[in-house]
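Since the structure comes first, as structure tokens, the remarks are kept for the end.
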Amino acid sequence: MSTNLHVSANQWRMSILKACIGAHVARGVAEDIADAGLALLALQHDPLPSVLACLNNHQSHTSTVTWPNGSDKVEFGQMHVLHHGPSVIDLAQSGTTISCQIDAPDLLLGLAQARLHSHGVTLHCNFDDDDWRTPTIALQQINAATSSRPFSLRLSQTDEPVAMNMTQLPQPSRENWCELQDFTAEILVPADATSREDAGVGDGQTDND
Amino acid sequence: MVQSSSMPLQKFEQVELRPPSQVMRLERAGSFFPTRLSFLRSLLRKLARDGMQLARTSFELDDQGYGHAVYDVVLDHQHYALICYSQALAPENRTDRVIAEAWDACFLLFDGQPNATDIDQLRAHATVQEAGEYDERVLVLSRANKSVRLFDHVANRLSKGEQPDAEMIGNIGYLMRTTAVYGNGKFGMADRADFIDRPSLSQPFRLEMLTVYLIREFTLDLINHVAKCAGGDRFVELGDRFRRQLGIGNSTGLGMAPFLVGHPVLINNWMLVRETALARVRAINAADNNCQAHFRHLLDQTHQHLQEWRVDDEYEMGRIEQLRREFSKLRPKFEKLIQQGHPYDRLIEATQGQSSSLQELMVSLVLEPNGNIVDGLCECMEDTFGPRLDPLMSVGELQRLLTKHYDWAMQIDLSQERENAMVWYVSEEKLEPRMGARSPDHQERREMPHAIPRKVQALTADLANYSTDALIAEVLMACPQHRDIVRRAQTIARHPFGEFQDNLVAAEIRPIDLLRCKLSFFGASKFDPRSDRWTRITLYQGAPTARELSPDNCADVFLPAFGTS
Numbered sequence: 001m002s003t004n005l006h007v008s009a010n011q012w013r014m015s016i017l018k019a020c021i022g023a024h025v026a027r028g029v030a031e032d033i034a035d036a037g038l039a040l041l042a043l044q045h046d047p048l049p050s051v052l053a054c055l056n057n058h059q060s061h062t063s064t065v066t067w068p069n070g071s072d073k074v075e076f077g078q079m080h081v082l083h084h085g086p087s088v089i090d091l092a093q094s095g096t097t098i099s100c101q102i103d104a105p106d107l108l109l110g111l112a113q114a115r116l117h118s119h120g121v122t123l124h125c126n127f128d129d130d131d132w133r134t135p136t137i138a139l140q141q142i143n144a145a146t147s148s149r150p151f152s153l154r155l156s157q158t159d160e161p162v163a164m165n166m167t168q169l170p171q172p173s174r175e176n177w178c179e180l181q182d183f184t185a186e187i188l189v190p191a192d193a194t195s196r197e198d199a200g201v202g203d204g205q206t207d208n209d
Numbered sequence: 210m211v212q213s214s215s216m217p218l219q220k221f222e223q224v225e226l227r228p229p230s231q232v233m234r235l236e237r238a239g240s241f242f243p244t245r246l247s248f249l250r251s252l253l254r255k256l257a258r259d260g261m262q263l264a265r266t267s268f269e270l271d272d273q274g275y276g277h278a279v280y281d282v283v284l285d286h287q288h289y290a291l292i293c294y295s296q297a298l299a300p301e302n303r304t305d306r307v308i309a310e311a312w313d314a315c316f317l318l319f320d321g322q323p324n325a326t327d328i329d330q331l332r333a334h335a336t337v338q339e340a341g342e343y344d345e346r347v348l349v350l351s352r353a354n355k356s357v358r359l360f361d362h363v364a365n366r367l368s369k370g371e372q373p374d375a376e377m378i379g380n381i382g383y384l385m386r387t388t389a390v391y392g393n394g395k396f397g398m399a400d401r402a403d404f405i406d407r408p409s410l411s412q413p414f415r416l417e418m419l420t421v422y423l424i425r426e427f428t429l430d431l432i433n434h435v436a437k438c439a440g441g442d443r444f445v446e447l448g449d450r451f452r453r454q455l456g457i458g459n460s461t462g463l464g465m466a467p468f469l470v471g472h473p474v475l476i477n478n479w480m481l482v483r484e485t486a487l488a489r490v491r492a493i494n495a496a497d498n499n500c501q502a503h504f505r506h507l508l509d510q511t512h513q514h515l516q517e518w519r520v521d522d523e524y525e526m527g528r529i530e531q532l533r534r535e536f537s538k539l540r541p542k543f544e545k546l547i548q549q550g551h552p553y554d555r556l557i558e559a560t561q562g563q564s565s566s567l568q569e570l571m572v573s574l575v576l577e578p579n580g581n582i583v584d585g586l587c588e589c590m591e592d593t594f595g596p597r598l599d600p601l602m603s604v605g606e607l608q609r610l611l612t613k614h615y616d617w618a619m620q621i622d623l624s625q626e627r628e629n630a631m632v633w634y635v636s637e638e639k640l641e642p643r644m645g646a647r648s649p650d651h652q653e654r655r656e657m658p659h660a661i662p663r664k665v666q667a668l669t670a671d672l673a674n675y676s677t678d679a680l681i682a683e684v685l686m687a688c689p690q691h692r693d694i695v696r697r698a699q700t701i702a703r704h705p706f707g708e709f710q711d712n713l714v715a716a717e718i719r720p721i722d723l724l725r726c727k728l729s730f731f732g733a734s735k736f737d738p739r740s741d742r743w744t745r746i747t748l749y750q751g752a753p754t755a756r757e758l759s760p761d762n763c764a765d766v767f768l769p770a771f772g773t774s
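First to last, the sequence lines map onto chains A and B. Here the first sequence stands for residues 1 to 209, where the numbers follow this note's numbering. Here the second sequence stands for residues 210 to 774, where the numbers follow this note's numbering.
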């Protein structure tokens, strides 16, 4: 076997999901972030640096999101993807145009792309330049300058879901992958945290494995 | 049913489906028997139909049976190879627990034909199982331990030129039992997405079932090899009758249970196929002579199977004894009903009021003679969609579907301590799901999301604060903690057989019911619970071995019964 780390799509998804939960992200949000990760992988984009940055900052974040006022365009302030990224996608899917500054534009684009795969919803975005792009194009154009600019998202069309190609995925660096595993470890429970009988310890026989 | 565009869609009559409120109860699911829709059954039909090409391309074992072997099989012009590593194992290290670190044999299902370098390099990883590193060339990873008592007995007898003791073969039923069969991207192996477009592999757990079937072939070759090395000229091969009666054992624990909770669409599809098959069969007006004869043969086989099915667990043995009594009492009636109009519907009705074990045994029985109208449903058992969130649903609509599909959850009194007594979590030691008593300081984020009634009731309470016209998108922005249960509830509204209607964290929960349900879909039999949390089973016991498998005998794999084979 090669000495390089090989991470499957299933491992990608489960590790991002568990890491988010380990960092106190609500499970349902974590599920969407994991799907966003897969959508980015299908676009040959490694989501791990953004996920790790979000998770490292997550504890200190407080939400500054304003409540939608019912108009067809909603202005958010600073928006943190791990808190509200999936909900922003929900609202954009309802036809509301969202404008905000976000901490992880590539993850939000991944969420938009994932909604294309799961629901057949095509969303477009711009970086405060009135040039509406698909998530795929926007992802290619992301740089330090665009990341700091206001980000707008709107519904473009609804069609049949588009299948992802999950073969030949980009692979993470071993360092990043190990850092992600540190977050997943947060949800693990030592066997003797519950009764030892439940944990299968005692007569050496399987009881809970 | 999946049909090619050139084939006319065949329509089947069917009666009304049994409702999820009847089917999706743990006590019932924990009474399931394998059916002809089970994954190993559909695999055997596929292998037989295609004329299975199996070749043993390497067999480098010493006199003790240690070394490696490779089996090459072709499915739809694609080669797959089971690589087997057999090694010495000290008795004190032989344990079925998932935390074991050494095994009698380790296996890889390889995508293609491995060369000598592959086989050599993979050995270091396969023999440490979860601690190894794998890539997309590896499809399935497994390991097995010998049933030492039976293995030594059979090897000894064959080496002396004698066949083994029939009763011992029947009672134990396998030479090796697997303790894990991993697939779908675990440890870096190939994802299902990597091979889902291959027509032979779209059905759930097909590669895992193929792996176990090939492991069985290896164990049969291994026992002959070891006996021959020991006995020399006196050695005789294991007889065909015994070869067929030896399946593969398996020890399964809690790790399997969360799968059923985490894949609601997939489970819905399995259940819906099973219930649709039953509904089709119940609509049949009359059984022809062949079907009647087949059914009577199945009754004989079932009677024999029940007599031979013995377990140590007192609770389970009590259920088996009750099933024997009910079956024997009603059997004369069954033999009459098969000759009457709407025979299968009458047979199902005849079991109402009896144990759920007899009711579900009858489901398996009535499907058996009717492969022509149910086997095609096996093409509908995968999940190509997964759960979906509908953020544009109104609060009022979500409230209505919660009332319709989760009334059972709303009726549970969560103020009772017993309804929240257990917690499902992931163990630090082996990253495996476990269940234990809830402690006051348990952190919610460390709990697996199996407390469905608690989530449903919390969601319902918060929805009351919103206008019925409000969008779910707005609710979830304010209450992200409900996102998973909203997605689940909306999914269940479309896939109502995807949710077990019991509280999985209640004090009286029996995880073994979940295990048996899933294992029945695999095709497992001889359920042998060792507690309410793990069970031994056998796979392929009584099934044709590779060298005898044919379209004529591939369907003759109902419940193993030594006395009638």
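Heads up, the beta-carbon is just placed ideally off N, CA and C, and yes, glycines get one too.
Can you tell me whether residue i is buried or exposed, with buried defined as 16 or more other CB within 10 angstroms of its CB?
i: B/S213; result: Confidence at B/S213 is low in this model, with a pLDDT of 44, below 50, so its placement is unreliable and no value can be given for it.
i: B/N674; result: exposed
i: B/E656; result: buried
i: A/H45; result: buried
i: A/N165; result: exposed
i: A/E31; result: buried
i: A/C20; result: buried
i: B/K664; result: buried
i: B/D650; result: exposed
Is it the case that the Cβ atoms of residue i and residue j are separated by a distance below 7 angstroms?
i: A/L82; j: A/V25; result: yes
i: A/S15; j: A/L139; result: no
i: B/V283; j: B/Q262; result: yes
i: B/A466; j: B/P662; result: no
i: B/P769; j: B/S729; result: no
i: B/P373; j: B/V357; result: no
i: A/G77; j: A/L108; result: no
i: A/G95; j: A/L155; result: yes
For chain B, find out if any of its Cβ atoms is closer than 7 angstroms to the Cβ of residue i; answer yes or no.
i: A/L116; result: no
i: A/L91; result: yes
i: A/H6; result: yes
i: A/Q78; result: no
Can a CB atom of chain A be found closer than 7 angstroms to the CB of residue i?
i: B/L713; result: no
i: B/M526; result: no
i: B/L487; result: no
i: B/M418; result: no
i: B/A682; result: yes
i: B/M686; result: yes
i: B/G783; result: A query on residue 783 of chain B cannot be resolved here, the shown segment of chain B reaching from 210 to 774 and no further.
i: B/P300; result: no
Output the distance between the C-alpha atoms of residue i and residue j, rounded to the nearest integer angstrom.
i: B/Q516; j: B/G527; result: 13 angstroms
i: B/M644; j: B/A495; result: 48 angstroms
i: B/L539; j: B/L680; result: 55 angstroms
i: B/L252; j: B/T754; result: 13 angstroms
i: B/V224; j: B/R489; result: 6 angstroms
i: B/D693; j: B/L668; result: 10 angstroms
i: B/P228; j: B/K727; result: 19 angstroms
i: B/Y343; j: B/T700; result: 34 angstroms
i: A/Q141; j: A/D106; result: 10 angstroms
i: B/H506; j: B/H512; result: 10 angstroms
i: A/L17; j: A/Q101; result: 24 angstroms
i: A/G110; j: B/R415; result: 32 angstroms
i: B/I529; j: B/M385; result: 25 angstroms
Please indicate yes or no: does the CB of residue i lie closer than 6 angstroms to some heavy atom of the ligand SAH?
i: B/L270; result: In terms of ligand content, the structure shown is empty, and the ligand SAH therefore cannot be addressed.
(message) Pairs of beta-carbons, one from the region 709-726 of chain B and one from the region 621-632 of chain B, closer than 8 angstroms: are there three or more?
(response) yes
(message) Pairs of beta-carbons, one from the region 575-584 of chain B and one from the region 477-489 of chain B, closer than 8 angstroms: are there three or more?
(response) yes
(request) Give a yes or no on contact between the region 558-569 of chain B and the region 240-248 of chain B, applying the rule of three or more CB pairs nearer than 8 angstroms. (result) yes
(request) Could you say if the region 425-445 of chain B and the region 400-407 of chain B meet the contact criterion of at least three C-beta pairs nearer than 8 angstroms? (result) no
(request) Check whether the region 410-427 of chain B touches the region 449-458 of chain B, counting contact only when three or more Cβ pairs, one atom from each stretch, lie closer than 8 angstroms. (result) yes
(request) State whether the region 312-325 of chain B contacts the region 292-300 of chain B, with contact taken as three or more CB pairs (one from each stretch) at a distance under 8 angstroms. (result) yes
(request) Could you say if the region 471-478 of chain B and the region 534-553 of chain B meet the contact criterion of at least three C-beta pairs nearer than 8 angstroms? (result) no
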